[in-house]
Structures are given as C-alpha cells and as structure tokens.
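Asker:
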Amino acid sequence: MRIGALGPRGTYSELAARAHFKDRGEFVSYPTITSTAKAVARGEINAGVVPVESLREGSVGEALDALAWVDVRVQAEIVFPISHSLLGVDGTTLEKITQILSHPQALAQCRDFLRKNLPNAELIEMTSTAKAAEQVGKLKQPHMAAIGPRGLAKLYGLDVLKNEIQREEINVTRFLCLSKKDGERTGHDKTSIVFYTAADRPGILHEILGEFASRGINLTKIESRPSKKALGDYLFFVDFEGHREDEKVKETLGEVKKKTAMLKVLGSYPKRF
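Our numbering puts the first residue of the sequence shown at 1272, with every later residue one more than the last.
1. I'd like to know whether the C-beta atoms of LEU1358 and ASP1294 end up nearer to each other than 8 Å.
2. Please go through the stretch 1382-1435 and give each complete beta strand (DSSP E) segment of 3 or more residues, from N-terminal end onward.
3. HIS1291 to PRO1473, Cα distance in whole Å?
4. Express the C-alpha separation of GLN1380 and ILE1464 in angstroms, rounding to a whole number.
5. Given ARG1438, which residues of its chain have a CB within under 8 Å of its CB, disregarding the five upstream and five downstream residues?
6. Is it true that the CB of ARG1515 sits closer than 8 Å to the CB of THR1462?
7. Leaving out five residues on either side along the sequence, give the residues of the same chain with a beta carbon under 8 Å from the beta carbon of ARG1486.
8. State buried or exposed for ASP1460, treating a residue as buried only when at least 16 other CB atoms are found within 10 Å of its CB.
9. Sort VAL1343, GLN1406, ILE1418 by Cα distance to LEU1365 and report the nearest one.
10. Using DSSP with H/G/I as helix, E/B as strand and the rest coil, what is VAL1341?
11. Exposed or buried, which one is ASP1342 when buried takes at least 16 other CB atoms within 10 Å?
12. What did DSSP end up calling ARG1472 once you bin it into helix, strand or coil?
13. In whole angstroms, give me the CA-to-CA distance for HIS1355 and TYR1427.
14. Closer than 7 Å: is that where the CB of LYS1425 sits relative to any heavy atom of the ligand ATP?
15. Take the Cβ of MET1533 as the centre, count every other Cβ of all protein chains shown within 10 Å, and call the residue buried at 16 or more, exposed below.
16. From which residue to which residue does the beta strand (DSSP E) around GLU1512 run?
17. To which residues of the same chain is THR1234 closer than 7 Å at the C-beta, ignoring the five residues directly before and after it?
18. Excluding five sequence neighbours on each side, which residues of the same chain lie with their C-beta closer than 7 Å to the C-beta of LYS1309?
19. From what residue to what residue does the beta strand (DSSP E) around THR1307 run?
20. Mapping the DSSP letters down to three states, classify GLY1332 as helix, strand or coil.
21. I need the DSSP call for GLN1380, collapsed to helix, strand or coil.
22. Could you spell out where the beta strand (DSSP E) holding ARG1491 opens and where it closes?
23. Should PHE1446 go down as buried or exposed, given a rule of 16 or more other Cβ atoms within 10 Å for buried?
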C-alpha cells in the first residue's frame, strides 16, 4: 500500500499517517497538500493524509480547496498531538538567531514564545516544518533556526534548542485520510460536504441548514471559504453526524441538492471526536 503525505520526511502529516497506518506501507512525500490530493485522485497512491484543522489556528485553506475541487473522498479523520521544538545547527544559541523558518501554522502556534524570546527574528514561511528543518540543515548557518517536531533534528542533523514552545500544552491537529472511497459504516460516523448556492436571497443558508435540523441531524462544523469565482461568492463546508448511507442522511442530502448549485459529498468516515 502506498500512502502519501506532505513532505519532505518528518512532517506532522507523515507522523500522523504512520500512526494511523501503524507504519505499514510505503510512505511517499509530496511538496504540497494539493499535490498529495491529486496523487490520490490519479491512483498514484492508495491514500493521502493532509492537515485540515488546527485546534489553535483553525482550518487549513489549501486543504479545504483541495477537498472542494479534487476528486477524492475522506475515508478517515486522524486527531494527532502537535509538539513544537526549536531546532538549529551545532553552535546555534537563542542570542544568535535572526531568522526562523517553519510552516505558517507552526509559526502562529509558537508566537508567544517567539515574541518573548526572539522578538526581532525574521519569520520565514515554508511549505512544511520538515522543509524548514531541511533548509536549516543544508545551509548550516548558526543564525537560522527551524520550528517543528523534535524528530526532525535527527533526520536533518540539527540540535534541539528548546522543546514544547507552542502556546499551549494541549495542541492537536485534525488530519484527513483521503482515498477513492468512503469509510465503512460503524454506527458512529461523520459526513463532510461542501456546497455552493447561486441563489442570492435572504434565508437560503437558513433553509439549507434547516433540512438537517428538521431531521435531528447534529452539525459538528460549518464554515465558509471564498469560491474564487467572484467576490462575495462562498463555498460552505459542513460536517455532521451520520453516514451518507443512513436513510435520513440520504433524504437530507437529496433536499439540500435541490437548494444548491453544487453539492459534493466529501466522504463519510468513523467519528473520532
């Protein structure tokens, strides 16, 4: 089995994938979340694990866009603990650091530590925490540091300068396992959808959400994202309890489809939280 995740080696996405699949299979790295999803759609890999939501910083926009526009299904959700460390080459100290590289979410999650200890350091955004560590290890400059899981230190020849630098001790990220099919019904499931309504009139969103309420279906998440087609146009992402094969879910989705210009069922999968 081939499993894809955001690379290079050592990202939280890879760690979450290895935990979910219990290290069974061949793990393949991709440069972006979108390229991971597209690899699943092409059949190049059997599954792909992507981050979709951080407890502290919210949703990952690129992941939502990929879910909306790439032909994949959500097969499982993975809730994985996040613990950030400050990493540098041999000889690096806090006093020497002028540049810090990491993924935007990691930089945001560590902002309190950075403001207190490295207020003048330049923050440089990278595509992943592992890419940041790889770059610092490659350049070998004592004024540069990376933020990411401590395991990156061994992979890229770095020292751990400080552990647990995220804002809170409890920090988890929700990952989705993408495949070509849904997860099996368990009786304790969740379904994710995205829809777009072309009707610009008062109450249309209320009507759509009312289809769930009238059938006693609990919504666990709703958020909007620009459609990127026109200003003021939004996609709506909704998670709710139940499986797409449940009768009342089928009925609800049938009514929602009538009220929307586009409805995509992203997948049904076992509920983890």
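Just so it is clear, CB atoms sit at the ideal spot from N, CA and C, and this is done for glycine as well. From a predicted model like this one, the values you see are computed outputs, not experimental measurements.
Answerer: So, from the listed chains and residues:
1. no
2. 1393-1396, 1415-1419, 1430-1433
3. 43 Å
4. 28 Å
5. ARG1327, GLN1380, CYS1381, ARG1382, ASP1383, PHE1384
6. yes
7. LYS1519, GLU1522, THR1523
8. buried
9. ILE1418
10. coil
11. exposed
12. coil
13. 16 Å
14. Among the ligands in the structure shown, none appear at all, so the ligand ATP cannot be discussed.
15. exposed
16. 1505-1512
17. The structure shown does not extend to residue 1234, since the chain is modelled only from 1272 through 1544, so no value can be given for it.
18. VAL1341
19. Taken as a continuous stretch (DSSP letters only), THR1307 belongs to no beta strand (DSSP E), being part of the alpha helix (DSSP H) at 1304-1313.
20. helix
21. helix
22. Reading off the sequence shown, one finds Thr at residue 1491, where the question assumed Arg. Segment 1490-1497, the beta strand (DSSP E) holding THR1491.
23. buried
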